[in-house]
Amino acid sequence: MKKRLRRALVLVFFIVGGFLVFQVIQGFSENKEAEERIQSIPQVEFVSLAGEKVSLRDFDPAKPMVIVYFHPECDYCKYEAIAGADLQSVPVI
Amino acid sequence: MFGIISAFSIQYLFIEDYLYYQTFGEQITSDQIAKMLQISKKYYWLGYVFVPFIILIRVFFTSIFLYIGIFFTNLKIEFSKLFKVALFADFIFVLSGLAKLIILIFFKEVSTLEDLQFTPLSVMEFLDYSKVDPLFIYPLSLINVFELLYFLVLAWLLVGVIKEVNEERSVNFGKSLKLVTASYGSGLLLWVVFVMFISLNLT
Chain A
196 MKKRLRRALV
206 LVFFIVGGFL
216 VFQVIQGFSE
226 NKEAEERIQS
236 IPQVEFVSLA
246 GEKVSLRDFD
256 PAKPMVIVYF
266 HPECDYCKYE
276 AIAGADLQSV
286 PVI
Chain B
156 MFGIISAFSI
166 QYLFIEDYLY
176 YQTFGEQITS
186 DQIAKMLQIS
196 KKYYWLGYVF
206 VPFIILIRVF
216 FTSIFLYIGI
226 FFTNLKIEFS
236 KLFKVALFAD
246 FIFVLSGLAK
256 LIILIFFKEV
266 STLEDLQFTP
276 LSVMEFLDYS
286 KVDPLFIYPL
296 SLINVFELLY
306 FLVLAWLLVG
316 VIKEVNEERS
326 VNFGKSLKLV
336 TASYGSGLLL
346 WVVFVMFISL
356 NLT
């Protein structure tokens, strides 16, 4: 009886420990992959304020770029985005 | 009691309002920091209430794993005796708190709240915090001089208890240390992996 209990305890330890170690390794590698993914911006297309299609490919990758994401119906946000861009003397799309 | 005194000393000597502003100033507005300060001042006593419970849980955890370890040998020791051993050995963490206080008073400049969160004489103290993945900060902080001392004191106290209970089967310090490493060490390992698992799932 004591022997069985000992074996069961060792088994539980390895099952629980193994599960946790596996989850930690998996979660850690997923986080690392996600971190690497967000290092570069994906090539996306969006609509400019003038209604034209714009792709990130159209911009010079050597120059810094600021993407301001705002609600187009929010006038305040629109003015703020344009004013911010003017201050930095960057084109507003 | 020493745990509460240590927590109170750090709170009284080092936690100032400006630390909150310097820590969170770039992340949230000053109004939010003021609100945070108000809440922390209102509930700061809760921190002291939890200290005895945290110590009790730690002692209970150690004694449970020692008990399991003893179960694997053919020795017979009551749980209450192992609880006493773990409680006496916990005094090492009082020394750790004291060392932290001394380092904070004489050797460390405190400019943000993060400067207060460190484990004295740990591996983490020799590494650059910004270069270590947050997941590994806790395990690396656990590898410290006081944890090592805790293992040694547990083994030393256990020799005495085993001698007292099993007069015909006394063990030497080396064997006792092996027993502590296998029992409490395994428990600690499981705990560290569990904490890493939780922090991965919460972030």
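Read top to bottom, the protein sequences are chains A and B.
So for the first sequence, the numbering used here puts the first residue at 196; every next one is plus one.
So for the second sequence, the numbering used here puts the first residue at 156; every next one is plus one.
The C-beta atom is built at its ideal place from N, Cα and C for all residues, glycine as well.
Does any C-beta atom of chain B lie closer than 8 angstroms to the C-beta of A/Leu215? Closer than 8 angstroms: yes.
Proximity of B/Ile247 and B/Tyr305 at Cβ, strictly below 8 angstroms: Yes, the pair counts as a contact, with Cβ atoms nearer than the cut-off.
Inter-residue Cα distance where the pair is B/Leu276 and A/Phe241: Spanning the two alpha carbons is a distance of roughly 54 angstroms.
C-alpha gap between B/Phe262 and B/Glu280, whole angstroms: B/Phe262 and B/Glu280: Cα-Cα distance of roughly 13 angstroms.
Let me see if you follow: with CB-CB separation under 8 angstroms, is A/Gln218 close to chain B or not? For A/Gln218, at least one C-beta of chain B is nearer than 8 angstroms to its own C-beta.
Could one say the Cβ of A/Leu204 lies closer than 8 angstroms to chain B's Cβ atoms, at least one of them? So yes, A/Leu204 belongs to the interface.
If you reduce the DSSP assignment to three classes, tell me which class A/Lys248 lands in. Assignment of A/Lys248 by DSSP, reduced to helix, strand and coil, places it in the strand class.
Measuring CB to CB, does B/Gly119 end up less than 8 angstroms from B/Leu345? What the structure shows of chain B is the stretch from 156 to 358, and residue 119 of chain B is not part of that stretch, so it cannot be assessed.
Same chain, Cβ closer than 8 angstroms to A/Gln238, neighbours up to 5 away in sequence not counted: Closer than 8 angstroms at the Cβ level, and outside the excluded window around A/Gln238, lie Ser250, Leu251, Arg252.
List the residues of chain A whose Cβ lies closer than 8 angstroms to the Cβ of B/Ile292, in chain order. Around B/Ile292, no beta-carbon contact reaches into chain A at under 8 angstroms, the shortest distance being about 13 angstroms.
Which of the three DSSP states is assigned to A/Phe265 in this structure? DSSP places A/Phe265 in coil when its eight states are reduced to three.
Residues in the stretch 217-244 of chain B having any Cβ partner in chain A nearer than 8 angstroms: So the close ones are Ile223, Phe226, Phe227.
With a threshold of 8 angstroms between beta-carbons, can B/Leu351 be considered close to chain A, or not? First, the residue type needs correcting, since residue 351 of chain B is Met and not Leu in the sequence shown. Cβ-Cβ to chain A under 8 angstroms: yes for B/Met351.
From A/Ala278, A/Ile233, A/Met260, A/Pro267, pick the residue whose C-alpha is nearest to that of A/Gly246; which is it? Among A/Ala278, A/Ile233, A/Met260, A/Pro267, the Cα nearest to that of A/Gly246 is on A/Pro267.
Do you know offhand how far B/Lys231's Cα is from B/Glu323's? Cα-Cα distance, rounded: 12 angstroms.
Can you tell me which of the three DSSP states A/Phe223 falls into? Of the three classes helix, strand and coil, the one that applies to A/Phe223 here is helix, per DSSP.
Write down the C-beta distance between B/Gly342 and B/Phe220 rounded to the nearest angstrom, noting that I regard them as a contact closer than 8 angstroms. That belief holds up - the Cβ atoms of B/Gly342 and B/Phe220 are roughly 3 angstroms apart, short of 8 angstroms.
Residue-level contact to chain B via CB, A/Phe209, 8 angstroms cutoff: A/Phe209 does not count as touching chain B.
Helix, strand or coil for B/Val316 per DSSP? Three-state result, B/Val316: helix.
What residues of chain A sit near B/Leu355, judged by a beta carbon separation below 8 angstroms? Taking a Cβ-Cβ cut-off of 8 angstroms, the neighbours of B/Leu355 in chain A comprise Gln218, Val219, Gly222, Phe223, Asn226, given in sequence order.
Please compile the residues from chain B whose C-beta is within a distance smaller than 9 angstroms of the C-beta of A/Arg201. Phe226, Phe227, listed in chain order.
For A/Phe254 and A/Ile262, what's the separation of their Cα atoms in angstroms? For A/Phe254 and A/Ile262, the distance between alpha carbons rounds to 12 angstroms.
Any idea which residues DSSP pairs A/Phe241 with across the strands? Paired residue(s): A/Val249.
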